[in-house]
Amino acid sequence: METPGSQSSLHRANLERVVRAVRLAGSLTQAEIARTTGLSAATVSNIVRELKDGGTVEVTPTSAGGRRARSVSLSGDAGIVIGVDFGHTHLRVAVGNLAHQVLAEESEPLDVDASSSQGFDRAEQLVNRLIEATGVDRSKVAGVGLGVPGPIDVESGTLGSTAILPGWSGTRPAEELRGRLGVPVHVDNDANLGALGEMVWGSGRGVRDLAYIKVASGVGAGLVISGKIYRGPGGTAGEIGHITLDESGPVCRCGNRGCLETFTAARYVLPLLQPSHGTDLTMESVVRMARDGDPGCRRVIADVGRHIGSGVANLCNLLNPSRVVLGGDLAEAGELVLGPIRESVGRYAIPSAARQLSVLPGALGGRAEVLGALALALSEMGDSTLLDGTATGSLTASTPAFT
Numbered sequence: 003m004e005t006p007g008s009q010s011s012l013h014r015a016n017l018e019r020v021v022r023a024v025r026l027a028g029s030l031t032q033a034e035i036a037r038t039t040g041l042s043a044a045t046v047s048n049i050v051r052e053l054k055d056g057g058t059v060e061v062t063p064t065s066a067g068g069r070r071a072r073s074v075s076l077s078g079d080a081g082i083v084i085g086v087d088f089g090h091t092h093l094r095v096a097v098g099n100l101a102h103q104v105l106a107e108e109s110e111p112l113d114v115d116a117s118s119s120q121g122f123d124r125a126e127q128l129v130n131r132l133i134e135a136t137g138v139d140r141s142k143v144a145g146v147g148l149g150v151p152g153p154i155d156v157e158s159g160t161l162g163s164t165a166i167l168p169g170w171s172g173t174r175p176a177e178e179l180r181g182r183l184g185v186p187v188h189v190d191n192d193a194n195l196g197a198l199g200e201m202v203w204g205s206g207r208g209v210r211d212l213a214y215i216k217v218a219s220g221v222g223a224g225l226v227i228s229g230k231i232y233r234g235p236g237g238t239a240g241e242i243g244h245i246t247l248d249e250s251g252p253v254c255r256c257g258n259r260g261c262l263e264t265f266t267a268a269r270y271v272l273p274l275l276q277p278s279h280g281t282d283l284t285m286e287s288v289v290r291m292a293r294d295g296d297p298g299c300r301r302v303i304a305d306v307g308r309h310i311g312s313g314v315a316n317l318c319n320l321l322n323p324s325r326v327v328l329g330g331d332l333a334e335a336g337e338l339v340l341g342p343i344r345e346s347v348g349r350y351a352i353p354s355a356a357r358q359l360s361v362l363p364g365a366l367g368g369r370a371e372v373l374g375a376l377a378l379a380l381s382e383m384g385d386s387t388l389l390d391g392t393a394t395g396s397l398t399a400s401t402p403a404f405t
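What the sequence shown shows, in my numbering, is residues 3 to 405, in sequence order.
Structure (structure tokens):
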């Protein structure tokens, strides 16, 4: 039995520190592990050798700074995690291993506003199908990350705003999916997961203070402060879509007038173009036509960019992030939308904050949220279970959800 402060307990703690560093990063050289954990190079070398012999990590030759190095990642068969992303019009599920490799991914149309039970039924079926497709043993499932398009109350796990998803009123998404799958489920709103996805795999890599802005049916922001997602005590941090731009403006679904969302979200923007472009418009098609030179679409996207820039300027003045990443279909417009955003930031933000800010399109496109869900599951799982050779949860063949 290990006692606190004993040599064996210290060794165990060091093992867990190394496993955690590798798990969160996906892969690290031994020198990077030493810098991340604060352990000596010799200690890291011995621990990596022990973990490799035990089958917990894999070591492959690489180079760093022009010198030969060894890249360390968790073993591909150490376990898997699942990401589930509910958008307003789609459901996307991904299965990944602990080495940050996506093994399977699929998306299908879904009207998430209609019914929460229908959405969870579809998610259960899609998770089941993808696990079967990968051929991975269900006992290897360590956890699930779940994204929903609305604020989650941090304490209760209840979806916070009935105005945003009326069909989900009073639901506890993590609890609902956990009951169906029989494994730990961790939930967050889609903007936070988009920020997490871009921070781990995309345009936010290496940045510790950033805002991920998602413009779709609504407008939200995922905030990263000092390398961590900031949710606020009630889970509503980042609701940038409800910054007031015009007190006499259109009535927003939240009940206020002139929110940023009423000038930028698809449900408000697309009707502006319908008299001249028809009713079968999507934000994706508007972006495509704008890139092809359509003057009406270019004007609307530029206006949206300027309005988003006003909200971003407020974020700069309050939080002083070093990077803003624009996600969703709108990011595909490139400089047609990014230029006006920067213009508004330059006009309304404190000059020193504006100078330090870079505004970039997301690198992951529509996959940001589901990859963020995978990252959430990876960040929440324990390390001791990996060292013991077991997964955090278990999806056995007899689990009803997978029959």
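Note that beta-carbon positions come from the ideal geometry of N, C-alpha and C, so glycine has one too.
Out of the options, point me to the one whose CA is closest to residue i's CA.
i: Leu-275; options: Thr-266, Ser-287, Asn-258, Gly-298; result: Gly-298
i: Arg-140; options: Gly-184, Val-314, Gly-240; result: Gly-184
i: Pro-186; options: Met-383, Glu-241, Leu-389; result: Met-383
i: Val-21; options: Val-61, Ser-75, Trp-170; result: Ser-75
i: Ala-267; options: Glu-52, Pro-277, Ala-125, Val-302; result: Val-302
i: Ala-315; options: Gly-206, Ser-73, Gly-348; result: Gly-348
i: Arg-300; options: Asp-248, Ile-352, Leu-148, Gly-341; result: Gly-341
i: His-90; options: Val-150, Val-326, Glu-286; result: Val-150
i: Ile-227; options: Gly-240, Gly-152, Ala-379; result: Gly-240
i: Gly-237; options: Ser-219, Cys-261, Glu-178, Pro-153; result: Pro-153
i: Arg-182; options: Tyr-214, Asn-130, Leu-225, Glu-157; result: Asn-130
i: Gly-57; options: Thr-38, Thr-45, Ser-77, Ser-47; result: Ser-77
i: Leu-320; options: Val-288, Pro-353, Lys-142; result: Pro-353
i: Gly-330; options: Leu-247, Thr-281, Glu-200; result: Glu-200
Could you spell out where the alpha helix (DSSP H) holding residue i opens and where it closes?
i: Ala-379; result: 370 to 382
i: Pro-111; result: Premise fails: Pro-111 lies in the beta strand (DSSP E), 104 to 111, not in any alpha helix (DSSP H).
i: Leu-317; result: 297 to 321
i: Ile-231; result: No alpha helix (DSSP H) contains Ile-231, which is instead part of the beta strand (DSSP E) from 230 to 232.
i: Ile-49; result: 43 to 55
i: Gly-206; result: Note, Gly-206: premise wrong, no alpha helix (DSSP H); not H, not E.
i: Glu-263; result: 263 to 266
Confirm, please, whether the CB-CB distance from residue j to residue i is below 9 Å.
i: Ser-118; j: Thr-160; result: no
i: Leu-366; j: Gly-204; result: yes
i: Ala-197; j: Ala-223; result: yes
i: Lys-230; j: Ala-193; result: no
i: Gly-307; j: Ile-245; result: no
i: Asp-155; j: Asn-322; result: no
i: Ala-66; j: Ala-43; result: no
i: Gly-311; j: Arg-344; result: yes
i: Arg-72; j: Pro-63; result: yes
i: Ala-333; j: Gly-295; result: no
i: Leu-100; j: Ile-82; result: yes
i: Arg-293; j: Ala-335; result: yes
i: Leu-380; j: His-102; result: yes
i: Val-221; j: Gly-243; result: yes
i: Ala-377; j: Val-146; result: no
i: Glu-108; j: Leu-179; result: no
i: Thr-136; j: Leu-112; result: no
Can you look up residue i in the DSSP assignment and give me helix, strand or coil?
i: Ala-223; result: strand
i: Leu-26; result: helix
i: Thr-64; result: strand
i: Gly-336; result: coil
i: Thr-392; result: Low confidence applies to Thr-392: its pLDDT is 40, below 50, so where it sits in the model is not reliable, and the reading given next is rough at best. Note: Thr-392 maps to coil in three-state DSSP.
i: Val-288; result: helix
i: Arg-14; result: helix
i: Pro-252; result: coil
i: Leu-362; result: strand
i: Ser-400; result: Only weak support exists for where Ser-400 lies, its pLDDT of 30 falling under 50; the value from the coordinates is given anyway. Ser-400 falls in the coil class under three-state DSSP.
i: His-90; result: coil
i: Thr-405; result: Bear in mind that a pLDDT of 23 at Thr-405, under 50, signals an unreliable position, so the model cannot answer this.
i: Leu-198; result: helix
i: Leu-132; result: helix
i: Leu-161; result: strand
i: Glu-1; result: No answer is possible for residue 1: it lies beyond the span of the chain, which begins at 3 and ends at 405.
i: Val-114; result: coil
i: Leu-269; result: One detail in the question is off: residue 269 reads as Arg in this sequence, not Leu. Helix.
i: Arg-174; result: coil
Looking at the unbroken beta strand (DSSP E) that takes in residue i, where does it start and where does it end?
i: Arg-325; result: 325 to 329
i: Ala-36; result: From DSSP, Ala-36 is part of no beta strand (DSSP E) but of the alpha helix (DSSP H) over 32 to 39.
i: Ile-154; result: Careful: Ile-154 lies outside any beta strand (DSSP E) and carries neither H nor E.
i: Lys-142; result: Taken as a continuous stretch (DSSP letters only), Lys-142 belongs to no beta strand (DSSP E), as it is neither H nor E.
On the DSSP bridge list, what partners appear for residue i?
i: Lys-216; result: Gly-222, Gly-329
i: Ser-73; result: Thr-31, Thr-62
i: Val-187; result: Val-146
i: Arg-180; result: In the DSSP output, where bridge partners are listed per residue, Arg-180 has none listed.
i: Val-83; result: Gly-98, Gly-145
i: Thr-246; result: Cys-261
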